[in-house]
Structure formats: C-alpha cells, structure tokens
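In the working numbering, the protein residues as written are 99 to 236. Scroll down for the structure; my scribbles are underneath it.
Have a look at this one:
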C-alpha cells in the first residue's frame, strides 16, 4: 500500500495562456469591444422602446424629447449610435472571416483597424447629417 508521503509530486503542468502571455493586438481589443458594444446595445434598445412608448401621448414624448435633447441624452445617443455601427461592422468582419477571407495576420489587423476607423467615421457623418437636418445643435 502506498501512503501519501510516498506519492510523487505532480508534474509541473503548463499554465493556461492568459493576458500576461499574449501581447495585446488590435483584433483582441476589437473582440472585447464587440462584446461590450453588444452588451451596450441591449440597454440602448431600452431607449428605443422608451421612444416608441412615448409616442402614445404628448406628455410622454415631451419627457423623452427633453432627455434626448439634454447633453447627457445626446452623449448616450451618440454612444448608442457608435455601438450600433461598430457592432454591425464587427459582424461584417466576422462574415468576411466566415467566408475564409482575411484570415492572414496582416489582413486581420487591417480589418480590425477598418472596423474601428469606419465605425467612428460613419458615426460622425451620421450625426453631422442629423444635426444639419435639425438646423444645428440647438
């Protein structure tokens, strides 16, 4: 019979890869941002629901309009717009990868950069058009 004292010490097992081993890459950061924007879109959809529900009466809509026109409301709506565009472009990036294209190291980084730059540019363009259509920032 073997006692506990006679058993061999377990062999040194390799540690699972973690963030201290991997060098942060743009694709890694965009993957994290994709998850965060997906989470943010969940709460942003509550804003859309509030907007739709507020259309049932003038008082409710006036409250929504007051919130959406405030600086914090516009900041949240701007963030929601960016999250929506960023998440959509991330989905397109994944669709490209699913087709077997863009999987090389250089292509992955370029697609991730295009996702980030494109989401910022499209958001700014949409807001500029929207503000111009409303007659300025008011």
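Heads up, the beta-carbon is just placed ideally off N, CA and C, and yes, glycines get one too. Computed from a prediction, not measured in an experiment: that's the story for all the values here.
Between the beta-carbon of residue 152 and the beta-carbon of residue 141, is there less than 8 Å?
As a first step, residue 152 is located in the chain shown; it is residue number 54 there, counting from the start. As a first step, residue 141 is located in the chain shown; it is residue number 43 there, counting from the start. Going by C-beta atoms, residue 152 is not nearer than 8 Å to residue 141.
Do the CB positions of residue 128 and residue 214 come within less than 8 Å of each other?
Locating residue 128 in the chain shown gives position 30, counting from the first residue. Locating residue 214 in the chain shown gives position 116, counting from the first residue. Cβ distance < 8 Å, so residue 128 and residue 214 count as in contact.
If contacts are defined as beta-carbon pairs under 8 Å, then residue 136 and residue 185 qualify, I think. What distance do you get, rounded to the angstrom?
Residue numbering aside, residue 136 sits at position 38 when the chain shown is read from its first letter. Residue numbering aside, residue 185 sits at position 87 when the chain shown is read from its first letter. Between residue 185 and residue 136 the Cβ distance is about 6 Å, and since that is below 8 Å, they are a contact.
Give the single residue among 181, 158, 156 whose Cα lies nearest to the Cα of residue 134.
If you number the chain shown from 1, residue 134 lands on position 36. For the residues 181, 158, 156, the minimum Cα distance to residue 134 belongs to 181.
Which stretch, first to last residue, makes up the alpha helix (DSSP H) that contains residue 206?
Translated into the one-based positions of the chain shown, residue 206 becomes position 108. Where residue 206 is concerned, the enclosing alpha helix (DSSP H) stretches over 203-232.
With DSSP as the reference, label residue 161 as helix, strand or coil.
As a working note, residue 161 is residue 63 in the chain shown. Three-state DSSP puts residue 161 in a helix.
Reducing DSSP to helix, strand and coil, say where residue 120 ends up.
Residue numbering aside, residue 120 sits at position 22 when the chain shown is read from its first letter. Here residue 120 sits in coil by DSSP.
Straight-line CA distance for residue 132 to residue 221?
Numbered from its first residue, the chain shown carries residue 132 at position 34. Numbered from its first residue, the chain shown carries residue 221 at position 123. Answer to the nearest angstrom: the Cα atoms are 16 Å apart.
First and last residue of the alpha helix (DSSP H) that includes residue 153?
Reading the chain shown from its first residue, position 55 is the one you call residue 153. Looking at the DSSP string, residue 153 is not in any alpha helix (DSSP H), and its letter there is neither H nor E.
Roughly how many angstroms lie between the CA atoms of residue 232 and residue 225, to the nearest whole one?
As a first step, residue 232 is located in the chain shown; it is residue number 134 there, counting from the start. As a first step, residue 225 is located in the chain shown; it is residue number 127 there, counting from the start. Their Cα atoms are separated by approximately 10 Å.
By the three-class DSSP mapping on this structure, what secondary structure does residue 168 have?
Here the question's residue 168 lines up with position 70 in the chain shown. It is coil, neither helix nor strand.
CB-CB under 7 Å to residue 159, same chain, minus the five flanking residues each way: which ones, in chain order?
Here residue 159 refers to the residue found at position 61 of the chain shown. Here the set comprises 152, 153.
Would you decide whether residue 178 is buried or exposed? Buried here means 16 or more other CB atoms lie within 10 Å of its CB.
Along the chain shown, read from residue 1 onward, the residue named residue 178 stands at position 80. Buried: at least 16 other Cβ atoms inside 10 Å.
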